[in-house]
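S.K.: Quick one: this structure, given as structure tokens, is what I'll be asking you about.
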Amino acid sequence: MSWILPLQLKNPLQLEKLDWDSLDNVWDEKPLMSGGTIMDGEPILSLPPKSTELRKVELSKEEVDFYKALEKETRGFYKKKETAGMVNKDFKEVLARLMRFRQACNHPLLVSSGLPCTSSSAEIARNLPYGSSKLKATLEILSDGSSFGSVRMPLDIG
């Protein structure tokens, strides 16, 4: 929470030295940071209640191969940095690799280019059929139409 306070506290007992007026100004900005969702005390848009549906998605063999290749590549990269004692120095690169792995969970094509990767995981990603199993399951839920009407998709993802 120190990022929101007007000054850095070395000792938490220094609270009496805080510029509380500045802190109040930060809290006054909260309506601006909320994206303008309330106007004259009323919500601009009334949304239906949130519903959550968990589904187990079976991955295709190609997707499993891709995730395993990417995991092996990511673990190898980390082990190499750890062995060389470079994890702290190349922390951004380590985090970028982890983010890339997370993006792959949404769709393999998100990581087929961009960060350096071995040809194996990039090649597997390019050869996967368009539309991941996760994406297909999400579109199936959305096109069910129970709460949002119908959703038209511009492309058939098979």
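So for the sequence shown, full-length UniProt numbering puts the first residue at 1; every next one is plus one.
Idealized CB from N, CA, C, for every residue including glycine.
With a Cβ-Cβ cutoff of 8 Å, do E71 and S133 count as a contact?
M.R.: Position 71 of the sequence shown, counted from the start, is the residue given in the question as residue 71. Position 133 of the sequence shown, counted from the start, is the residue given in the question as residue 133. In this structure, S133 does not lie closer than 8 Å to E71 by Cβ.
S.K.: Could you check how far apart the C-beta atoms of D97 and T74 are, in whole angstroms? I think they sit under 8 Å.
M.R.: Position 97 of the sequence shown, counting from 1, holds the residue named residue 97. Position 74 of the sequence shown, counting from 1, holds the residue named residue 74. According to the sequence displayed, residue 97 carries Arg and not Asp. About 5 Å; that satisfies the 8 Å criterion.
S.K.: Does the distance from the CB of R100 to the CB of V111 come in under 8 Å?
M.R.: In the sequence shown, counting from the first residue as 1, residue 100 sits at position 100. In the sequence shown, counting from the first residue as 1, residue 111 sits at position 111. Contact flag set, yes.
S.K.: Using the Cβ count rule (16 or more neighbours within 10 Å means buried), how would you classify A84?
M.R.: Locating residue 84 in the sequence shown gives position 84, where the first residue counts as 1. Classification for A84: exposed.
S.K.: Use the C-beta contact count for F91: other C-beta atoms within 10 angstroms, 16 or more gives buried, fewer gives exposed.
M.R.: What you label residue 91 is simply residue 91 of the sequence shown in a count that begins at 1. Exposed, since its Cβ has fewer than 16 Cβ neighbours within 10 Å.
S.K.: In the structure shown, what three-state DSSP assignment does P116 receive?
M.R.: As a position in the sequence shown, residue 116 is number 116, starting the count at 1. Confidence is the limiting factor: at P116 the pLDDT is only 49, short of 50, which leaves the residue's position unreliable, though a coordinate-based value still follows. Coil.
S.K.: Could you have a look at K50 and say whether DSSP puts it in helix, strand or coil?
M.R.: The count along the sequence shown starts at 1 and reaches residue 50 at position 50. In the structure shown, K50 sits in coil (DSSP, three-state: anything other than H, G, I, E or B).
S.K.: Name the two residues that bound the continuous alpha helix (DSSP H) containing M99.
M.R.: In the sequence shown, counting from the first residue as 1, residue 99 sits at position 99. Note, M99: alpha helix (DSSP H), 91–106.
S.K.: With distances taken Cα to Cα, identify the nearest neighbour of F77 among V64, F66, L95.
M.R.: Locating residue 77 in the sequence shown gives position 77, where the first residue counts as 1. Cα-wise, what sits closest to F77 is L95.
S.K.: When we look at the beta-carbon of E63 and count the other beta-carbons within 10 Å, is it buried (16 or more) or exposed?
M.R.: The residue given as residue 63 occupies position 63 in the sequence shown. E63 comes out buried.
S.K.: Buried or exposed, going by whether 16 or more other CB atoms sit within 10 Å of the CB of S108?
M.R.: Translated into the one-based positions of the sequence shown, residue 108 becomes position 108. According to the sequence displayed, residue 108 carries Pro and not Ser. Under this definition P108 is a buried residue.
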